[in-house]
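Going by my numbering, the first residue of the sequence shown is number 86, and it counts up by one from there.
Ideal Cβ positions, reconstructed from N, Cα and C, are used throughout, including at glycine.
Source: prediction; values computed, not measured.
The structure appears right after this line, and notes come after that.
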Amino acid sequence: MKITVVGAGNVGATCADVLAYREIANEVVLVDIKEGLAEGKALDMWQKAPINLYDTRTVGVTNDYSKTAGSEVVVITSGIPRKPGMSRDDLISTNAGTVKSVTEQVIAHSPEAIIIVVSNPLDVMTYAAHVTSKMPRTRVMGMAGILDTARYRAFLASELNVSPKDIQAVLMGGHGDTMVPLPRYTTVGGIPVTELLSKDKIDPIVERTKKGGGELVKLMGTSAWYAPGSAAAQMVEAIVKDQRRVFPVCVSLEGEYGISNSYLGVPVILGKNGIEKIIELDLNAGEKELLEISRGKVSEVMATYDSLMAAK
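Listed below in structure tokens is the structure:
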């Protein structure tokens, strides 16, 4: 079994390393446009195998997609990362062309692959990959909700001084400041978080979650990578092992939640066929309003992408 990760930067390399360490596949192929970068990182990971005791072979290539042929899952992390002062939307003009080109090359060599997009702006790059691939929406998805809920759960764990393992949460909408964390669907060891924290405590955590990526960009001068890379690897594992995990995933909506022609994070069942089922929650009026605001923002950036593509 082969998994390909396109982009050997911090996020892609982290994803590949987690996949290798957890022995998710027999072979992980790392692809990058920079000469020697993917080869070097893949070799470093392989030399770590005797230390961390795993068998997965890691292979790096420079722009040679023939080496990715027959991949079961492809993770696309290509594109420039955010810098201080940049929004995810600022990245669209640079990253849109990259994701489109990568998707074309991926599909040419692995037409049956399931594609996971990590490149930002996430929701619109998922749109770009989906329309370029011409594949069913169940096989092209974006990684955002797992990362966003992980941040939300980590902040809650710190506030409550409990293990993050015991916190489960649902988050919807776009990957950005208009995302919609749902405290009503958040539990700590099965206990609703609203019974453990007051609204005055929860609201700042929700707001911090919405700006979680920007917080890290300000601190480090670039985008995060440990959590995003690990989140993408978790999606790959759910697919490869047919775990049927329930995760928030960015997908093209076709009437779910009353929304069509938009790419938003919603809870799904993830298994061997990709998105096995989209779960529709019974949102209240306030939650629906927030989701609609998020949809509007994503639709604006989708329109920008359409304009860029039409001009080429």
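In terms of alpha-carbon separation, which member of the options lies closest to residue i?
| i | options | result |
| --- | --- | --- |
| A105 | R142, D129, T162 and I136 | R142 |
| A323 | A110, P196 and N95 | A110 |
| Q319 | C100, K152, M394 and G94 | C100 |
| V187 | I165, P169, N148 and Y212 | N148 |
| T294 | A395, G227 and L241 | L241 |
| G182 | P169, V159, P196 and T217 | T217 |
| V96 | V203, E361, G371 and K362 | V203 |
| K373 | G350, D327, V265 and E339 | V265 |
| K133 | R107, L122 and V158 | R107 |
| L368 | G258, V325, K286 and L232 | G258 |
| E371 | G299, V351 and R269 | At residue 371 the sequence reads Gly, which differs from the Glu that was named. Of G299, V351 and R269, the residue nearest in Cα terms is R269. |
| K357 | I136, G121, L128 and A198 | A198 |
| K219 | E189, R238, M228 and A239 | E189 |
| D117 | Y150, L128, I136 and W310 | Y150 |
| I252 | G227, R224, L281 and H260 | L281 |
| P196 | R224, P169 and D140 | R224 |
Run the CB neighbour count on residue i, radius 10 Å, all protein chains shown included, and call it buried at 16 or more, exposed below.
| i | result |
| --- | --- |
| L376 | buried |
| S156 | buried |
| T211 | buried |
| P206 | buried |
| K382 | buried |
| S347 | buried |
| G359 | buried |
| P398 | Because the chain is modelled from 86 through 397, residue 398 falls outside the range shown and cannot be assessed. |
| K284 | exposed |
| A388 | exposed |
| T271 | buried |
| A396 | exposed |
| D327 | exposed |
| S379 | buried |
| G275 | exposed |
| G298 | buried |
So what does residue i bridge to, in DSSP terms?
| i | result |
| --- | --- |
| R330 | L355 |
| T89 | V114 and V159 |
| R142 | E112 |
| K362 | I354 |
| M305 | DSSP, once it has assigned bridges, lists no residue as partnering M305. |
| S345 | E339 |
| M226 | I201 |
| I276 | V273 |
| G258 | G350 |
| T234 | Answer is none; T234 lacks a bridge partner. |
| V265 | M257 |
| I252 | V273 |
Does the Cβ-Cβ distance between residue i and residue j come in under 8 Å?
| i | j | result |
| --- | --- | --- |
| I344 | I354 | no |
| K303 | D262 | no |
| L115 | K126 | yes |
| T234 | P313 | no |
| S337 | H194 | no |
| V386 | V209 | yes |
| Y390 | I177 | yes |
| L267 | V255 | yes |
| M130 | V325 | no |
| A213 | K250 | no |
| V331 | P352 | yes |
Would you grab the beta carbon distance between residue i and residue j for me? Rounded to a whole angstrom, and I think it's under 8 Å.
| i | j | result |
| --- | --- | --- |
| S315 | V103 | 5 Å |
| A317 | I201 | 6 Å |
| V278 | V247 | Actually they do not touch by this definition, with Cβ atoms about 11 Å apart. |
| G94 | T162 | 7 Å |
| G230 | C335 | 7 Å |
| A123 | V146 | 6 Å |
| V144 | I88 | 11 Å between Cβ atoms; not a contact. |
Would you please verify whether the beta carbon of residue i is less than 8 Å from any beta carbon of chain D?
| i | result |
| --- | --- |
| A370 | Chain labels in this structure do not include chain D; a single protein chain is all it has. |
Any heavy atom of the ligand MG inside 7 Å of the beta-carbon of residue i?
| i | result |
| --- | --- |
| I192 | As for the ligand MG, it is missing from this structure, which has no ligand bound. |
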